[in-house]
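K.L.:
Residue 1 is where the sequence shown starts when you use our numbering, and the numbers rise one by one after that.
Note that the Cβ used here is the ideal one computed from N, Cα and C, for glycine as well.
Handing you this structure, nothing more for now.
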Amino acid sequence: MGFGGISIWQLLIILVVVLLIFGSGKLKSLGSDLGSSIKGFKKAVKEEDSKEKED
């Protein structure tokens, strides 16, 4: 058993299908966009917490 009842082989097949559909270049840009979005979100939450502590 893998993650939530999905085996490693099923995950690999899904990965291959996603790579075939989107291509590696598109996935790379999606990953970097997602990473920068998460960084921005964390920064905003951190700034909000520091503002609340000052009040």
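1. Would you kindly work out how many angstroms separate the C-alpha atoms of F22 and L15, rounded to a whole number?
2. Is L27 closer than 8 Å to L19 when the C-beta atoms are compared?
3. Fully enclosed by the stretch 10 to 48, which beta strand (DSSP E) runs are 3 residues long or longer?
P.N.:
Taking the structure as given:
1. One C-alpha to the other measures close to 11 Å.
2. Contact flag set, yes.
3. You should have found no qualifying run.
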